[in-house]
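**Student:**
In this note's numbering, the protein residues as written are 912 to 1104.
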């Protein structure tokens, strides 16, 4: 009887089946592969998010600079496009445009904006010194960025308006750079028809 009892226990041990070493290795390997792929995707998403936030900051700066110029032009008067002549005398440049515009602000002070060295620059002291109003991460294309002025002369039956075209690239590195093409028009608020 004692012998029979031992055989039955042995039989029971063999009927319980567990994981083999190979099955465990395959399961762990599969888990590791899935985790490595998931971590790679997560890190890529974090990197893309960081780049998108940096680019958004740069584009917000550009938007602010263009809006600032437009707002100043809208309330200004006596637009002078280009470097020819006296900045106090209104001057159109409808064909080809120019990289510099001068006008009097709402208080009658001369403001000058220009595209120079890949930046938008502003002078509040009649051109003695200029400050960049765009971030260093923004590069303005000097060949394609222009101011166009139409109707600046008094009595020409046209309301003065300025078209500002800005083209360039924005981004911290070549990997993140994007090109932009902005265009905005500002019409003088003071009636001049």
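Note that the Cβ used here is the ideal one computed from N, Cα and C, for glycine as well.
If you're wondering where the values come from, they're calculated on a predicted model, not measured in any experiment.
1. Any idea which residues DSSP pairs residue 1080 with across the strands?
2. Could you tell me the alpha carbon to alpha carbon distance between residue 975 and residue 1039, rounded to whole angstroms?
3. On the DSSP letters alone, give me the boundaries of the alpha helix (DSSP H) that residue 949 sits inside.
4. Assuming residue 1044 contacts residue 1081 under a Cβ cut-off of 8 Å, what Cβ separation, rounded to an integer in Å, is found between them?
5. Between residue 992 and residue 1060, is the Cβ-Cβ spacing less than 8 Å?
6. Taking the beta carbon of residue 990 as the centre, do at least 16 other beta carbons fall within 10 Å, making it buried, or is it exposed?
7. Taking only three categories from DSSP, how would you classify residue 928?
8. Taking DSSP as the reference, what is the three-state secondary structure of residue 1065?
9. Bridge partners of residue 1042, per DSSP?
10. For residue 1062, count neighbouring Cβ atoms within 10 angstroms of its own Cβ and tell me buried if that reaches 16, exposed if not.
11. Would you kindly work out how many angstroms separate the C-alpha atoms of residue 1085 and residue 937, rounded to a whole number?
12. Quick one: what's got a C-beta closer than 6 Å to residue 1024's C-beta in the same chain, skipping five residues either side?
13. On a Cα-Cα basis, can you pick out the residue from 963, 1091, 1083 and 984 that is closest to residue 1051?
14. With DSSP run on the structure shown, which of helix, strand or coil describes residue 1027?
15. Give me the Cα-Cα distance between residue 930 and residue 940, rounded to the nearest whole angstrom.
16. Kindly provide the ranges of any alpha helix (DSSP H) runs that are 4 or more residues long and lie completely inside the stretch 992 to 1016, ordered along the chain.
17. What separation, rounded to the nearest whole angstrom, lies between the Cα atoms of residue 988 and residue 1094?
18. Which residue or residues does DSSP assign as beta-bridge partners of residue 1057?
19. Would you call residue 1047 buried or exposed, if buried means 16 or more other Cβ atoms sit within 10 Å of its Cβ?
**Tutor:** On the basis of the data shown:
1. Beta bridge pairing from DSSP links residue 1080 with 1050 and 1090.
2. Taking the straight line joining both Cα atoms gives about 24 Å.
3. Residues 932 to 986.
4. That belief does not hold up - the Cβ atoms of residue 1044 and residue 1081 are roughly 14 Å apart, past 8 Å.
5. Yes, these two residues count as a Cβ contact at 8 Å.
6. Buried, since its Cβ has 16 or more Cβ neighbours within 10 Å.
7. Note: residue 928 maps to coil in three-state DSSP.
8. Assignment of residue 1065 by DSSP, reduced to helix, strand and coil, places it in the coil class.
9. BP columns for residue 1042 point to 1033.
10. Residue 1062 sits buried, since 16 or more C-beta atoms from the chains shown fall within 10 Å of its C-beta.
11. Between residue 1085 and residue 937, the alpha-carbon positions lie close to 42 Å from each other.
12. These residues qualify, in order along the chain: 980, 1012 and 1033.
13. Of all alpha-carbon atoms in 963, 1091, 1083 and 984, the one lying nearest the alpha-carbon of residue 1051 is that of 1091.
14. DSSP places residue 1027 in strand when its eight states are reduced to three.
15. C-alpha separation (whole angstroms): 15 Å.
16. Annotation: the stretch 992 to 1016 contains no complete segment of the alpha helix (DSSP H) (minimum length 4 residues).
17. If I take the Cα positions, the gap works out to 20 Å.
18. Looking at the DSSP assignment, residue 1057 forms a beta bridge with 1076.
19. Here residue 1047 is exposed, its C-beta having fewer than 16 other C-beta atoms within 10 Å.
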